[in-house]
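Please read the structure below before turning to the comments.
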Amino acid sequence: QVLVQAAMALDRRALRTKLRAEKCRAVKAKPTATPGGAVGVMEFTHDELPRPVKIAQKTAAGAAALDQRESTIHTLVWPCSPLFARFLCDPKNRELFAGKTVLELGAGNGLPGIVAGMLGAKQVVITDVDDALPLIRKNVEVNEVGGSVDVAELFWGREEHMAALEAPFDLIIGTDLIANMHEETYADLVRTLRHFSGPETLILIAYEFRGDMWNDHHFFDGMDSWFHDENGSLTPLVVVP
Numbered sequence: 038q039v040l041v042q043a044a045m046a047l048d049r050r051a052l053r054t055k056l057r058a059e060k061c062r063a064v065k066a067k068p069t070a071t072p073g074g075a076v077g078v079m080e081f082t083h084d085e086l087p088r089p090v091k092i093a094q095k096t097a098a099g100a101a102a103l104d105q106r107e108s109t110i111h112t113l114v115w116p117c118s119p120l121f122a123r124f125l126c127d128p129k130n131r132e133l134f135a136g137k138t139v140l141e142l143g144a145g146n147g148l149p150g151i152v153a154g155m156l157g158a159k160q161v162v163i164t165d166v167d168d169a170l171p172l173i174r175k176n177v178e179v180n181e182v183g184g185s186v187d188v189a190e191l192f193w194g195r196e197e198h199m200a201a202l203e204a205p206f207d208l209i210i211g212t213d214l215i216a217n218m219h220e221e222t223y224a225d226l227v228r229t230l231r232h233f234s235g236p237e238t239l240i241l242i243a244y245e246f247r248g249d250m251w252n253d254h255h256f257f258d259g260m261d262s263w264f265h266d267e268n269g270s271l272t273p274l275v276v277v278p
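The sequence shown begins at 38 in our numbering and counts up by one.
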């Protein structure tokens, strides 16, 4: 059976409180914009890591107007990303990915996938839409993860993209994938998860409830239908560090 464990924090205020505490421990330097552009760098640190992870991101300052939001949405460090990276760093969770194949969906800047690669994953494929890939590749190169981490274009539900990657993966991860999107987008996400899953695949999704379950329920309904079809079960795991 495919097991999905969704790391869900349903109280946004509580999550923000946790995030403030988490940033004090895990993020050494605040993201800053370079004088000539919109790229800033944050450092994610943890005792289990051999060295800090340096993550370049396109900051909000890089968008001159609201209609440019799409140009930065894929490259910001969203709240669940450092929390999930810390979850991966916990030695108790190392068995989830050590020596295994890992697929990261909607990676943005690739922090969790890079952390998994640094901590012993056999192979990590970090994916997102085409516009996000240059920054992900830069982050992979800067952090010297080596041959254990690849970067690939994956537009959810697009057959040619899914066919280009070898399925199934042992572990599929994603952070802040569920964020007030269209019903069709959620359907494509579920289709993508199903394509890359096998009988022993584990899916871990870090999710922050942002006050619009009316849209978010399309994802959970789609996953629920999939698991009923497969005579499986959807198992939520609430993890708020």
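A virtual CB, placed ideally from N, CA and C, is assigned to each residue, including glycine. Just so it is clear, the structure is predicted and the values come from calculations on it, not from any experiment.
**Request:** Measure the alpha-carbon distance for residue 225 versus residue 124 and round it to whole angstroms.
**Result:** 27 Å
**Asked** Which residues bound the alpha helix (DSSP H) around residue 245?
**Response** Premise fails: residue 245 lies in the beta strand (DSSP E), 239-245, not in any alpha helix (DSSP H).
**Asked** Would you say residue 158 and residue 185 are within 8 Å of each other, going by their C-beta atoms?
**Response** yes
**Coil, strand or helix - residue 145 by DSSP** = coil
**Complete beta strand (DSSP E) runs within the segment 143-178 (minimum length 3 residues, chain order)** = 160-165
**Asked** Roughly how many whole angstroms lie between the Cα atoms of residue 194 and residue 236?
**Response** Each residue's alpha carbon lies about 20 Å from the other.
**Message:** Taking the alpha-carbon of residue 209 as reference, which of 192, 166, 172, 161 has the nearest alpha-carbon?
**Reply:** Taking only the C-alpha atoms, the option nearest residue 209 is 161.
**Asked** In chain order, which alpha helix (DSSP H) runs of at least 4 residues are fully inside the segment 197-236?
**Response** 220-232
**Prompt:** So what's residue 137 in DSSP terms, helix, strand or just coil?
**Reply:** Secondary structure of residue 137 (DSSP, three-state): coil.
**Request:** Please check the pair residue 126 and residue 85, which I expect to be a contact at CB under 8 Å, by giving their CB distance rounded to whole angstroms.
**Result:** Contact between residue 126 and residue 85 holds: CB atoms are separated by about 4 Å, below the 8 Å threshold.
**Request:** Quickly, what does DSSP pair residue 187 with across the bridge? List them, please.
**Result:** 162
**Message:** In this structure, how does DSSP classify residue 77 when only helix, strand and coil are distinguished?
**Reply:** strand
**Asked** Should residue 167 and residue 173 be called a contact, given that it needs their Cβ atoms to be closer than 8 Å?
**Response** Cβ atoms of residue 167 and residue 173: not closer than 8 Å.
**Prompt:** Can you name the residues that DSSP bridges to residue 90?
**Reply:** 81
**Request:** Run the proximity test for residue 218: is its beta-carbon closer than 7 Å to any non-hydrogen atom belonging to the ligand GTP?
**Result:** Among the components of this structure there are no ligands whatsoever, and the ligand GTP is therefore not found.
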